[in-house]
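Taking the numbering used here, the leading residue of the sequence shown gets 26, the next gets one more, and so forth.
What follows is a short report on a single structure.
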Amino acid sequence: MALLKILHYPDPVLSRVAEPVDTIDAALRTLASDMAETMYAAPGVGLAAPQVGISRRLIVLDCTPKDEPRQLYVAINPEIIAHSGTLFEEEGCLSVPGYYARVERDEEITVRFLDLAGEQHELTTDGLLAVAFQHEIDHLNGMLFVDRLSSLKKSLFRKKYKKILAQLEESL
Ligand code: NI
């Protein structure tokens, strides 16, 4: 088990479309468990492999409230196969530290993915977990939540984020 370094926007890996996983082997299982450990330590509710510099279609998520037992999802090659409704929720991202914004998402989704045993799952979910799946799958397509902002909001984000990054570098 190891904590991985989380890349920050505008690292170019974050805007790359990730490659499908074709082999579920020991290296992938280690990566998934290190990603989960890194997500819990951050703390965060989701992490995609490109955020730790691996351009592969693998995500981990856990949206359970703090006082409930953990429910970790490891999703390989996840795909949204159905969606309905719309909601606006405030989102943040471990790769965009210190910035939060409301983003439009599907309210309910059905997502298809493989687990670490190679078993296929189809999960229909809504609320926070549905938003987290959409956010993490966006990462696999080289997209961050700030890419979903209007152009006005995105230019405000860029100005604010420059200051956030400068402060972050000072504190290192
Ligand atoms: Ni993110």
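Built from N, CA and C at the ideal position, the CB exists for glycine as well.
Helix, strand or coil for residue 44 per DSSP?
As a first step, residue 44 is located in the sequence shown; it is residue number 19 there, counting from the start. Residue 44 falls in the strand class under three-state DSSP.
Which residue spans inside the segment 64-152 form an unbroken beta strand (DSSP E) run of at least 3?
Runs of the beta strand (DSSP E) inside the segment 64-152: 71-73, 83-86, 98-118, 121-139 and 145-151.
Go to residue 183, then tell me how far its alpha helix (DSSP H) extends in each direction, as first and last residue.
Residue numbering aside, residue 183 sits at position 158 when the sequence shown is read from its first letter. 176-196 is the span of the alpha helix (DSSP H), which, as asked, contains residue 183.
Within this structure, are the beta carbons of residue 137 and residue 161 separated by less than 8 Å?
As a working note, residue 137 is residue 112 in the sequence shown. As a working note, residue 161 is residue 136 in the sequence shown. It is not a contact, given that the beta carbons lie outside the stated cut-off.
Are the CB atoms of residue 119 and residue 76 nearer to each other than 8 Å?
The sequence position of residue 119 within the sequence shown is 94, counting from 1. The sequence position of residue 76 within the sequence shown is 51, counting from 1. Their beta carbons are under 8 Å apart, which means residue 119 touches residue 76 by this criterion.
Would the C-beta of residue 83 count as close to ligand 1, meaning under 7 Å from any of its heavy atoms?
What you label residue 83 is simply residue 58 of the sequence shown in a count that begins at 1. Flag unset: Cβ of residue 83 not near ligand 1.
What residue from 155, 128 and 56 has the CA that sits closest to residue 106's CA?
Counted from its first residue, the sequence shown places residue 106 at position 81. The shortest C-alpha separation from residue 106 is found at 155.
Use the C-beta contact count for residue 125: other C-beta atoms within 10 angstroms, 16 or more gives buried, fewer gives exposed.
Counting from one through the sequence shown, the residue named residue 125 turns up at place 100. That one is exposed.
Is residue 160 helix, strand or coil by DSSP?
By 1-based counting over the sequence shown, the position of residue 160 is 135. DSSP places residue 160 in helix when its eight states are reduced to three.
Any heavy atom of ligand 1 closer than 7 Å to the beta-carbon of residue 88?
In the sequence shown, the residue the question calls residue 88 occupies position 63. Checking every heavy atom of ligand 1 against the Cβ of residue 88, none is found closer than 7 Å.
Check whether the Cβ atoms of residue 57 and residue 83 lie closer than 8 Å to each other.
Numbered from its first residue, the sequence shown carries residue 57 at position 32. Numbered from its first residue, the sequence shown carries residue 83 at position 58. Yes. Within cutoff.
Contact defined as beta carbons within less than 8 Å: I believe residue 110 pairs with residue 133. What is the distance between those atoms, to the nearest angstrom?
Counting from one through the sequence shown, the residue named residue 110 turns up at place 85. Counting from one through the sequence shown, the residue named residue 133 turns up at place 108. About 5 Å; that satisfies the 8 Å criterion.
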